[in-house]
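Asker:
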Amino acid sequence: MERSYSRGRLIISGRGQNNEHPGITNSSADHRVRLDLGLWDKFSELATKCIIKIVEFAKRVPGFTGLTIADQITLLKAACLDILILRICTRYTPDQDTMTFSDGLTLNRTQMHNAGFGPLTDLVFTFANQLLPIEMDDTETGLLSAICLISGARAEVRISEHDHRSLLPDFKATVSDPQHLCLGS
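full-length UniProt numbering applies: residue 1 is where the sequence shown begins, and numbers increase by one.
1. Which same chain residues end up closer than 6 Å to Asp36 when comparing Cβ atoms and leaving out the 5 residues on each side of it in sequence?
2. Evaluate residue 250 with the Cβ neighbour count: other Cβ atoms within 10 Å of its Cβ, from every protein chain shown; 16 or more gives buried, anything less gives exposed.
3. Can you tell me the Cα-Cα spacing of Gly23 and Asp95, whole angstroms?
4. Strictly by DSSP, which residues pair up with Thr100?
5. Please confirm if the segment 70-87 is in contact with the segment 46-53, defined as three or more CB-CB distances below 8 Å between the two stretches.
6. With DSSP collapsed to three states, give me the class of Thr74.
7. Within its chain, find whatever has a CB closer than 6 Å to the CB of Phe101; leave out the 5 residues flanking it on each side and keep chain order.
8. Can you tell me which of Ala146, Arg87, Asp71 puts its alpha carbon nearest to the alpha carbon of Phe127?
9. Going by beta-carbon coordinates alone, are Leu149 and Ala70 separated by less than 7 Å?
10. If you reduce the DSSP assignment to three classes, tell me which class Thr126 lands in.
11. Taking Ala146 as the reference, which of Phe64, Ser44, Met136 has the closest Cα?
12. Measure from the alpha carbon of Leu143 to the alpha carbon of each residue in Asp41, Arg60, Lys42, Trp40, then state which is nearest.
13. Rounded to whole angstroms, what is the Cα-Cα separation between Thr98 and Leu76?
14. Tell me the rounded alpha-carbon separation between Phe43 and Glu56.
15. Could you give the C-beta distance for Thr90 and Thr141, rounded to a whole number, given that I count them as a contact under 8 Å?
16. I'd like the list of long-range same chain contacts for Val33, defined as Cβ closer than 8 Å, with 5 residues on each side in sequence excluded.
17. Going by C-alpha distance, which of Asp137, Gln72, Gly38 is nearest Ser151?
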């Protein structure tokens, strides 16, 4: 079985007959499994890089580093998937119904499903389509990401009322000059 990655595409080859399903070769069954695993591997790699960027981004949100480490971790855990989805949704191409990752990997709806989004796939694509009319730039995406991050309306967040109040004035001041909150690519 040969597997390689080139410009967002996995190339897989194999041979054999599938005894469980006549007419389906093992190569097509292997192809399906390997493609899914390959997409999962690539998506995992990109998600890991994105999480690192989200942590770096969070450190630039005014007041965030003044919180306890436990509160920072709680907020990051609660917001990371939201921010990851927001980032990928800003790279939606409606004509092809695809999402393009920061490294240029472009996946269609089926590939996104197989890469690990599973039942979230249709919701993510719907959300991306609903974001289009807003035409958010990087600064606006950064502000929305910061709002996701500091949102206190999460069941698991245990930020003290004092800490939460201290975040808001710093964050409000940032709204007037939000350039340093851009997430980057």
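Even for Gly, the Cβ is constructed at its ideal location relative to N, Cα and C.
Answerer: Inspection of the coordinates gives the following:
1. Result list for Asp36: Asn114, in chain order.
2. What is shown of the chain runs 1 to 185, which leaves residue 250 out entirely.
3. Note on Gly23: pLDDT 47, under 50, position unreliable in the model; no value is reported.
4. Thr106
5. yes
6. helix
7. Closer than 6 Å at the Cβ level, and outside the excluded window around Phe101, lie Leu46.
8. Arg87
9. In this structure, Ala70 does not lie closer than 7 Å to Leu149 by Cβ.
10. Note: Thr126 maps to helix in three-state DSSP.
11. Phe64
12. Arg60
13. 27 Å
14. 20 Å
15. 6 Å
16. Confidence at Val33 is low in this model, with a pLDDT of 45, below 50, so the placement of that residue should be treated as unreliable; the coordinate-derived value is given next. Answer for Val33: no residue qualifies.
17. Considering only alpha carbons, the answer is Gln72.
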